[in-house]
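**Student:** So the protein lines, in turn, are chains P and Z.
Convert by adding 96 to the 1-based position in the first sequence; the result is the number in the numbering used here.
Convert by adding 96 to the 1-based position in the second sequence; the result is the number in the numbering used here.
Glycine included, C-beta positions come from ideal geometry on N, C-alpha and C.
Structure provided below as structure tokens; questions to follow.
There are 2 protein chains.
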Amino acid sequence: MTAVDGLPFLRACRREPTDFTPIWLMRQAGRYLPEYRDLRARHGFLDLCKTPDAAAEITLQPVRRLGVDAAILFADILLPLEAMGAELVFAAGDGPVFPHPVRSREAAAALTPLDDAAAEERLGHVYEALRRVRRALAGRVPVIGFGGTPWTLASYLVEGGGSKQFAHLLGWSYRDPEGLALLLDRLADTSLAYLRGQLRAGAQAIQLFDTWGGILDQERYERLAVPPVLKILRGLRAAAPDRPIIYYLHGGSHLLPALARLPVDVLSVDWRLPLSTVRRALAAAGSGIGVLQGNLDPAALLAPIPEIERRVVELLAEGSGGGHVVNLGHGILPTTPVENARAFVECAQRLSASVPAAAR
Amino acid sequence: MTAVDGLPFLRACRREPTDFTPIWLMRQAGRYLPEYRDLRARHGFLDLCKTPDAAAEITLQPVRRLGVDAAILFADILLPLEAMGAELVFAAGDGPVFPHPVRSREAAAALTPLDDAAAEERLGHVYEALRRVRRALAGRVPVIGFGGTPWTLASYLVEGGGSKQFAHLLGWSYRDPEGLALLLDRLADTSLAYLRGQLRAGAQAIQLFDTWGGILDQERYERLAVPPVLKILRGLRAAAPDRPIIYYLHGGSHLLPALARLPVDVLSVDWRLPLSTVRRALAAAGSGIGVLQGNLDPAALLAPIPEIERRVVELLAEGSGGGHVVNLGHGILPTTPVENARAFVECAQRLSASVPAAAR
């Protein structure tokens, strides 16, 4: 355990001093990398997710290319929904599609939550990929497991794919909040089983992605989205009290008082608010969360490298005064030049190393 | 002028006492209405926008059906871009498409801003529709003119249509902010000419729609999005100092300190923050904006009518303590039952009328 415990990313998540501010990038295993596009040209997206060798290789690509301080498993947040029996299709150019969306209490009740055994059976390929990544990394950098929050998983399952207005999901939430809560609770049970399996397979931290929680106001967020999240968080803490948990929310500037109360180690935020403002809001709400992750706008990596460096200086200054893991505020854009991503990582590591830990 | 000045919607925009809290709905002229779908089945969307008789008829439909306290011109925010020479296509089911997106300083410089004469020539159909609406309404309710903000117009023109990530627009903003500012300034000149024409044609208030400003952090919002807006606002004030100006921003909870400084009469917000929180934030920022518009989640209109009524009670309470125009937080959803929209309008008017103006 001591070698693992010594890794800068894990130390930073626990708010322990590090020699520099660690960095990784959301969606770092993905389309901006030519070696990923090579594989993708020959295989379907879900095939890559479900083939442990391929998923492990893709997970490792950005570690080699960018020198990031953590790997994150290559997988899709929707895999556990498919494992529950929901048909899932990735149509070319269209993103994920659920041909049979779940839009009623009856349809929700017909979904059986995964337990640990079913998760092993149906999502064992994910766990095998994780074990291969751990072996290949040999303790050099840790690997992060992840899942979507029930609300975000539901957004795809209820809408039948991506959405702009979420009319089915939100309509359901006003029409029959108890029925939707039943679905969310089943998704929490499934997610917990899935993430516990990732921990057993060696995930050294867990990130929960709440991509669509920000469409709710705070009262409804706390009533609908938070309870199933708390169920997952309690289960993860019981399973592995020492593994950091990171909560990512996109577009949730208005939800900070609610987020402040989540029992997580790290809050990962988008670029809309400066980190110093987020930190002040958490402190004002009496939050126990001492570490922020983020939050460069992914589009900033489309700028010339000197401009990226200038923004890294600002970002490190914003992140100071508390724990900080450098990251983007959302997934890296497919059009990002690899050399720009590399410059972001290198610059963040180098500049932060020149400042004593106590001053960061 | 006195009859017009006496209309509850216009009085409320000026923070003058009214007998009840006036209400209208964003996108109230649209697909949830069977009489609109009837017309749309027989005519293309742009054809309807460009035919004064049709546009006037569609503008009047929700006034008849719902009894709202203001009409809003039926038009598309992208019409002035087409009038500047940008080819615009509405492909079936795909929304607006600009086949030749503007993504460089050169392409921006090649666009000629509309002046008043060019706006009259190319967008005269909009002005004619407005005049017909004014005549048909005969002073019973006022008609609102509108336009998109330069940032929001640019989001479509630069991306080539709708977008989820706005990678071209945001990438440009980091790579060459001065070049993008040039485009935004031309869009401001065009918008001002277009909106001045609407005022001349009889628009009794103007709403600016900033649908995508919320993707910027505050510093960049103030640097890029606000200057062209101020240019428009100054021009509108000079042209018609007495006509209320409403600013609508979607997803802008993090931008309230910047919005507080806009010289507008009414701030229209989405449902993410309660109106009381918005009002406190404006006051804390020393804002001169005394009237809020909004902010029911459009999806709430998919709930049963008793639930809608319960939410109207809450909304009126939230809106009290300052000027309030009831509205949705975003456009009405196409799947909204007409009777639910009607119940929202009727309930807001009836319940607010039972409370003395001084207590609202």
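(1) Counting only beta-carbon separations shorter than 9 Å, does phenylalanine 440 of chain P have a partner in chain Z?
(2) Between leucine 371 of chain Z and glycine 427 of chain Z, is the Cβ-Cβ spacing less than 9 Å?
(3) Does the beta carbon of glutamate 318 of chain P come closer than 9 Å to any beta carbon on chain Z?
(4) Could I get the ranges of all uninterrupted beta strand (DSSP E) runs contained in the segment 397 to 424 of chain P, with 3 residues as the minimum, in chain order?
(5) Are any of the Cβ atoms in chain Z nearer than 9 Å to that of proline 370 of chain P?
(6) What do you get for cysteine 109 of chain Z, buried or exposed, if any count of 16 or more other CB atoms within 10 angstroms of its CB means buried?
(7) Tell me the residue span of the alpha helix (DSSP H) that contains serine 287 of chain P.
(8) Any beta carbon from chain P within less than 9 Å of threonine 431 of chain Z's own beta carbon?
(9) So that I know if they touch, is there some Cβ in chain P lying closer than 9 Å to that of tyrosine 270 of chain Z?
(10) Count the other CB atoms within 10 Å of the CB of phenylalanine 440 of chain P; is the residue buried (16 or more) or exposed (fewer)?
(11) Classify arginine 161 of chain Z as buried or exposed, calling it buried when 16 or more other Cβ atoms lie within 10 Å of its own Cβ.
(12) If you run the structure through DSSP and keep just helix, strand and coil, what is tyrosine 252 of chain Z?
(13) Quick one: which unbroken beta strand (DSSP E) runs of 3-plus residues sit fully inside the segment 349 to 405 of chain P? Chain order, please.
(14) Beta-carbon of leucine 398 of chain P versus every beta-carbon of chain Z: anything under 9 Å?
(15) In this structure, does DSSP put isoleucine 173 of chain Z in helix, strand or coil?
(16) Short check: CB of phenylalanine 534 of chain P to CB of alanine 395 of chain Z, under 9 Å?
(17) Can you give the Cα-Cα distance for valine 409 of chain Z and leucine 174 of chain Z, rounded to whole angstroms?
(18) Starting from isoleucine 119 of chain P and walking both ways along the alpha helix (DSSP H), at which residues does that stretch end?
(19) Out of P/His420, P/Ala188 and P/Ile342, which has the shortest C-alpha to C-alpha gap to valine 360 of chain P?
(20) Near alanine 264 of chain P, what residues of its chain come up, given a Cβ to Cβ distance below 8 Å and the 5 sequence neighbours on each side ignored?
(21) Using C-beta distances below 7 Å, list every residue in its chain close to glutamate 178 of chain P, excluding the 5 sequence neighbours before and after it, in chain order.
(22) Could you tell me which residues DSSP pairs with alanine 187 of chain Z in its beta bridges?
(23) Assuming isoleucine 328 of chain P is part of the alpha helix (DSSP H), what are its boundary residues?
(24) For serine 349 of chain Z, which residues in chain P fall below 7 Å Cβ to Cβ?
(25) Name the chain Z residues whose beta carbon is nearer than 8 Å to that of tryptophan 367 of chain P?
(26) Looking at leucine 312 of chain P and arginine 368 of chain Z, is the spacing between their C-beta atoms short of 9 Å?
(27) Taking Cβ positions only, does serine 450 of chain P come closer than 9 Å to chain Z?
(28) Return helix, strand or coil for glutamine 300 of chain P, following the three-state DSSP convention.
(29) Bridge partners for valine 239 of chain P per DSSP, in chain order?
(30) I'd like to confirm the pairing. Which residues does DSSP put opposite tyrosine 343 of chain P in its beta bridges?
(31) Around the C-beta of threonine 208 of chain P, are 16 or more other C-beta atoms found within 10 angstroms, so that it is buried, or is it exposed?
(32) Which residues of chain P have a Cβ atom closer than 7 Å to the Cβ of glutamine 261 of chain Z, listed in chain order?
(33) Show which residues of chain Z have a CB atom less than 8 Å away from the CB atom of aspartate 393 of chain P.
(34) I'd like to know whether the C-beta of glutamate 435 of chain Z is nearer than 9 Å to at least one C-beta of chain P.
(35) Rounding to the nearest angstrom, what Cα-Cα distance links alanine 99 of chain Z and threonine 248 of chain Z in this structure?
(36) Does the distance from the CB of phenylalanine 242 of chain P to the CB of phenylalanine 186 of chain P come in under 9 Å?
**Tutor:** This is what the structure gives:
(1) No, phenylalanine 440 of chain P does not count as interfacial toward chain Z.
(2) In this structure, glycine 427 of chain Z does not lie closer than 9 Å to leucine 371 of chain Z by Cβ.
(3) No, no contact with chain Z.
(4) Inside the segment 397 to 424 of chain P, DSSP marks whole beta strand (DSSP E) runs of 3 or more residues at positions 419 to 424, from first to last along the chain.
(5) Chain Z contact via Cβ: present.
(6) Buried: at least 16 other Cβ atoms inside 10 Å.
(7) DSSP places serine 287 of chain P in the uninterrupted alpha helix (DSSP H) bounded by 273 to 296.
(8) So, interface residue.
(9) Residue contact check for tyrosine 270 of chain Z against chain P: a CB pair falls below 9 Å.
(10) Result: buried.
(11) Arginine 161 of chain Z should be labelled buried.
(12) Helix.
(13) 362 to 365 and 387 to 392, all fully within the segment 349 to 405 of chain P.
(14) It does; some Cβ of chain Z falls within 9 Å.
(15) Residue state, collapsed to three classes: coil.
(16) What the structure shows of chain P is the stretch from 97 to 456, and residue 534 of chain P is not part of that stretch, so it cannot be assessed.
(17) Cα atoms of valine 409 of chain Z and leucine 174 of chain Z: separation of roughly 36 Å, rounded to the nearest angstrom.
(18) Judged by DSSP secondary structure, isoleucine 119 of chain P falls outside any alpha helix (DSSP H); it is assigned neither H nor E.
(19) For the residues P/His420, P/Ala188 and P/Ile342, the minimum Cα distance to valine 360 of chain P belongs to P/Ile342.
(20) One detail in the question is off: residue 264 of chain P reads as histidine in this sequence, not alanine. Once the five neighbours on either side are set aside, the close Cβ partners of histidine 264 of chain P are Pro197, Arg199, Val254, Glu255 and Gly256.
(21) Within the same chain, Leu184 come within 7 Å of glutamate 178 of chain P by CB-CB distance, once the 5 residues on both sides are set aside.
(22) Z/Gly191.
(23) First-last of the alpha helix (DSSP H) with isoleucine 328 of chain P: 322 to 335.
(24) Ser349 and His350, listed in chain order.
(25) Residues of chain Z passing the Cβ test: Asp313.
(26) With respect to leucine 312 of chain P, arginine 368 of chain Z sits close: the two C-beta atoms are nearer than 9 Å.
(27) Serine 450 of chain P does not count as touching chain Z.
(28) It is coil, neither helix nor strand.
(29) For valine 239 of chain P, the pairing in a beta bridge is given by DSSP as P/Ala167.
(30) Answer is P/Leu304 and P/Leu363, bridged to tyrosine 343 of chain P.
(31) Threonine 208 of chain P is exposed by the Cβ-count criterion.
(32) Proximity of chain P to glutamine 261 of chain Z at the Cβ level (cut-off 7 Å) is accounted for by Leu429, in chain order.
(33) Listed along the chain, the chain Z residues whose CB falls inside 8 Å of the CB of aspartate 393 of chain P are Leu266, Tyr270 and Asp313.
(34) No, because no Cβ of chain P sits closer than 9 Å to the Cβ of glutamate 435 of chain Z.
(35) With a pLDDT of 39 at alanine 99 of chain Z, under the threshold of 50, the modelled position of that residue is not reliable, and the figure given next carries that caveat. Near 35 Å, if we compare the C-alpha coordinates of threonine 248 of chain Z and alanine 99 of chain Z.
(36) In this structure, phenylalanine 186 of chain P does not lie closer than 9 Å to phenylalanine 242 of chain P by Cβ.
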